[in-house]
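Chemist: Take a look at the following structure, please.
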Amino acid sequence: MKNELITIEEYNKLPKDIIRHGLISNSSTGVFMSRDENIPLLRFVVVKRIEGWTVYLGRMSQAVTDIYLHGDKSSTEEYIRRCFPCTDEVFKLYIS
């Protein structure tokens, strides 16, 4: 699933809640959020809502639910798609 693009059909079957979470490099090849060398990885949380979906980011040490409630939203398409690879049709539903 990580290397394949999520289609609108697959997306529509997902529940409204946290649909994916994981770790990603805090770098230009991952999701660049901080120049702090002590933060090599970031935690991302993808949340599906009634009106669309969002990617929240936080520190690796934070709990998934904490990031879901208090994380930073990404508005950079490249970073968003690295956390949740999807078709253009699904990306149009992203809430920035």
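Going by the working numbering, the first residue of the sequence shown is number 948, and it counts up by one from there. All C-beta atoms in this analysis are idealised placements derived from N, C-alpha and C, irrespective of residue type, glycine included.
By the three-class DSSP mapping on this structure, what secondary structure does M948 have?
Modeler: By one-based count along the sequence shown, residue 948 stands at place 1. Residue placement at M948 cannot be trusted, given a pLDDT of 45 that sits under 50; the coordinates are not used to answer.
Chemist: For a quick check, are the C-beta atoms of V1011 and I965 less than 8 Å apart?
Modeler: Walking along the sequence shown from the start, residue 1011 turns up at place 64. Walking along the sequence shown from the start, residue 965 turns up at place 18. Cβ atoms of V1011 and I965: closer than 8 Å.
Chemist: Could you pull out every unbroken beta strand (DSSP E) segment of at least 3 residues lying fully inside the region 1008-1037, listed in chain order?
Modeler: Counting only runs of 3 or more, we get nothing.
Chemist: Quick check: what's the CA-CA separation for E956 versus V993?
Modeler: Sequence index remark: in the sequence shown, residue 956 carries index 9 (1-based). Sequence index remark: in the sequence shown, residue 993 carries index 46 (1-based). Just so you know, the alpha carbons of E956 and V993 end up roughly 17 Å apart.
Chemist: Please decide whether T1012 counts as near chain B, where near means a Cβ-Cβ distance under 8 Å.
Modeler: You won't find chain B in this structure, because it holds only one protein chain.
Chemist: Across which residues does DSSP place G969 in a beta bridge pair?
Modeler: Counting from 1 along the sequence shown, the entry for residue 969 is found at position 22. Note: G969 sits in a beta bridge opposite F991.
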